Structures are given as C-alpha cells and as structure tokens.
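Engineer:
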Amino acid sequence: MSIKPISCLPDFTIKSYRELIAALVQSNYQFTLVRNLANDTLKPDLISSAHRVIYLRHDIDFYLNGVDQISRLEADLGVVATYYVLLTEQYNPLHPTNIKIIREMVSQGHEIGLHYDLTLYPTDLSAANEQLAWEADTLSRITKRPVTTIVTHQPFRGLPDPFRSQDHYVHPHDPRYQANLTYISDSARSWRDENLLKCFTDSPPQRLLLNTHPEFWLGHDVQNRWVYSEEVMYPNITAISEKSLRDQQVVWQNHIATQLHDAREVK
Ligand SMILES: [Zn+2]
Numbered sequence: 233m234s235i236k237p238i239s240c241l242p243d244f245t246i247k248s249y250r251e252l253i254a255a256l257v258q259s260n261y262q263f264t265l266v267r268n269l270a271n272d273t274l275k276p277d278l279i280s281s282a283h284r285v286i287y288l289r290h291d292i293d294f295y296l297n298g299v300d301q302i303s304r305l306e307a308d309l310g311v312v313a314t315y316y317v318l319l320t321e322q323y324n325p326l327h328p329t330n331i332k333i334i335r336e337m338v339s340q341g342h343e344i345g346l347h348y349d350l351t352l353y354p355t356d357l358s359a360a361n362e363q364l365a366w367e368a369d370t371l372s373r374i375t376k377r378p379v380t381t382i383v384t385h386q387p388f389r390g391l392p393d394p395f396r397s398q399d400h401y402v403h404p405h406d407p408r409y410q411a412n413l414t415y416i417s418d419s420a421r422s423w424r425d426e427n428l429l430k431c432f433t434d435s436p437p438q439r440l441l442l443n444t445h446p447e448f449w450l451g452h453d454v455q456n457r458w459v460y461s462e463e464v465m466y467p468n469i470t471a472i473s474e475k476s477l478r479d480q481q482v483v484w485q486n487h488i489a490t491q492l493h494d495a496r497e498v499k
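Taking my numbering, the leading residue of the sequence shown gets 233, the next gets one more, and so forth.
1) Would you check whether ligand 1 has a heavy atom nearer than 7 Å to the C-beta of residue 347?
2) Within 10 angstroms of its Cβ, does residue 382 collect 16 or more other Cβ (buried), or is it exposed?
3) The alpha helix (DSSP H) spanning residue 347 covers which residue range?
4) Report the three-state DSSP secondary structure of residue 507 (helix, strand or coil).
5) Could you give the distance in angstroms between the alpha-carbon of residue 457 and the alpha-carbon of residue 378?
6) So, helix, strand or coil for residue 443, using DSSP?
7) From which residue to which residue does the beta strand (DSSP E) around residue 262 run?
8) The beta strand (DSSP E) spanning residue 238 covers which residue range?
9) Alpha carbon to alpha carbon, how far is residue 324 from residue 330? Give it in angstroms, no decimals.
10) Measuring CB to CB, does residue 346 end up less than 8 Å from residue 368?
11) Using CA coordinates, which residue listed in 360, 351, 317, 259 is at the minimum distance from residue 290?
12) What's the C-alpha gap between residue 398 and residue 320?
13) Please list the terminal residues of the continuous beta strand (DSSP E) segment that includes residue 505.
14) Is residue 385 near ligand 1 - that is, is its Cβ less than 7 Å away from at least one heavy atom of it?
15) Give the single residue among 356, 269, 340, 348 whose Cα lies nearest to the Cα of residue 375.
16) Leaving out five residues on either side along the sequence, give the residues of the same chain with a beta carbon under 7 Å from the beta carbon of residue 404.
17) Considering just the uninterrupted stretch of the alpha helix (DSSP H) at residue 269, what are its terminal residues?
18) Measuring straight from C-alpha to C-alpha, what distance separates residue 444 and residue 498?
19) Reducing DSSP to helix, strand and coil, say where residue 180 ends up.
20) Return yes when the C-beta of residue 418 is under 7 Å from any heavy atom of ligand 1, and no when it is not.
21) Which residues mark the beginning and the end of the alpha helix (DSSP H) in which residue 248 is found?
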C-alpha cells in the first residue's frame, strides 16, 4: 500500500487516524513510550540529530468502550502509545469490560499511565502525594504493571500541579524534558493550529509529543463535534450502564420474588 504524506489536517475518523499514523511512520518517525522522555532528554545526540521521535499519548477522558479499535490499529502499524487512564471519571476502569480493554492494550506493547484530576486532590502536599500513590497503586493492579508515567487532566484549569516535576513518575510536561519538544493535541476535537502538517515538510519537528483522545476518532464520518458528541460519544459513555440495566431486567423477569408478587396481583 502506498502511503501519501498528509497535506491537510486529518478529519476525525478512524480511516484518517490510520492514514496519519501510517504517514508519520513513512516520514521516518520512530514511536516510543512517554516514559522514555526522561532518558532521551539526557541524550544530546538524539535531541540535535535528524533522528525523529514521536511520544504518542492518549488521554482517556470519557470512555474506554471502542478505544481498543485505536490500540489495535496502532499495534497493526507497529507503533506504541501511552494511554492515560482516569480513575475518577464516570467510566470505571475496574469494570471487567474495561479491564479487558486495558489489559489488551498492555499485551499490544502500549503503556498505561495515570491521568489525575487536580480538582479532586487535597491542597496539603503529603495528603496529595498519598492520594496519587493510592491511585497509581490501584491502576497498577488493573494493568499488572508498575505505573511509570502520569499526566494532568484538564491543565487549562490552571491549578498548581505538585506532580509535574518529580523523579518518581515521568510527566510529559515536566519542564526538564521540553528541549526541542513540540506539543500537538486534538483538544476539544479541534486542531488549534496547523503544526501537525510540519511533520511532512523539509523541516519537521524532531521530537513530537502528540496527544490524541481516541474517543474523538470512532465515528465513521461525523465531523460536526456536537452531532458526534450526541451520536457517538453519548452511546459509548452509557454502553456499560445500559447493558447492566438490560441484564438486571432479565434477572427481574426470572426472579422468584417477581413471580410471587405478580401471582398475588392476578388473584
Ligand atoms: Zn484529560
């Protein structure tokens, strides 16, 4: 299959996502895990050479349902990514359906990091550290791997972030790792500029931290973000809850209490 360089920003479909990743591979970008940012920064040769590296990162803000389509696609193209999972959003990473998806990602070579929400953290530093350690430990029990990297959820809120620069976890926005590092994100299912296209020019960014939200790319052709949020995101957000309710309805139908109750009403 011949792969075309990208000449305009990708629309938000799985097909376009595959084309984007394939085109980046074709452009000699090497994909590596975010946790390697710390060691790579210590290699001046890497930072100054023509070597091109992508730290592919995904923040899971809304749901895991269907996100395995993206992790599988990446594995098929031979690339790895770091998926940051929240323990405190409405989706439950401890639900068996979500555990299965997370462990499949790990088996594909991807890494799971902790996405933490500072609005839910105490301001006292030692209490905050304790909460972070508790979340990281819980996540590591799901992944059966140690948590080596963390990243802030919704940094635009501007809360003081005590975890951004420390030695225990690699944080991709740690000021110590920013040398020659370009950051591009698909926040709010939007491209704020056209910097992504520079990857396909004669002077591409050498180190790229590319953050995409897999939940934004799962519709086949819905580009309008409001329609997408209603038609694709909402059903994915409620998928596990709906299945749980349907299962419970079957239990009710067959429950002895239901039969006894209804039999009395018939009399
Ligand atoms: Zn987030």
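For glycine and all other residues, C-beta sits at the position ideal for the given N, C-alpha and C. In this text the structure is predicted, and so the values were computed from the model without any measurement.
Structural biologist: Reading it off the structure:
1) Yes - ligand 1 has a heavy atom lying nearer than 7 Å to the Cβ of residue 347.
2) Flag for residue 382 reads buried.
3) From DSSP, residue 347 is part of no alpha helix (DSSP H) but of the beta strand (DSSP E) over 343 to 348.
4) With the chain covering 233 to 499 only, the question about residue 507 has no answer from this structure.
5) Whole-angstrom Cα-Cα distance: 36 Å.
6) When secondary structure is reduced to three states using DSSP, residue 443 falls in the strand class.
7) Annotation: the continuous beta strand (DSSP E) that includes residue 262 extends over 261 to 264.
8) Here residue 238 belongs to no beta strand (DSSP E), and DSSP marks it neither H nor E.
9) Inter-residue distance for residue 330 and residue 324 is about 7 Å (C-alpha atoms, whole angstroms).
10) Against a cut-off of 8 Å, the Cβ pair of residue 368 and residue 346 comes out as a contact.
11) The option with the nearest alpha carbon to residue 290 is 317.
12) Going by the C-alpha atoms only, they are around 22 Å apart.
13) Because the chain here runs from 233 to 499, residue 505 falls outside it and cannot be looked at.
14) Answer for residue 385: yes, Cβ within range of ligand 1.
15) That would be 340, whose Cα lies nearest to the Cα of residue 375.
16) Answer for residue 404: 266, 269, 287, 289, 383, 441, listed in chain order.
17) From DSSP, the alpha helix (DSSP H) with residue 269 extends over 269 to 273.
18) Per the coordinates, the alpha-carbon of residue 444 lies some 57 Å from the alpha-carbon of residue 498.
19) Nothing in the structure corresponds to residue 180, since the chain is present only between 233 and 499.
20) Result no, Cβ not under 7 Å from ligand 1.
21) Looking at the DSSP string, the run of the alpha helix (DSSP H) that includes residue 248 is 246 to 258.
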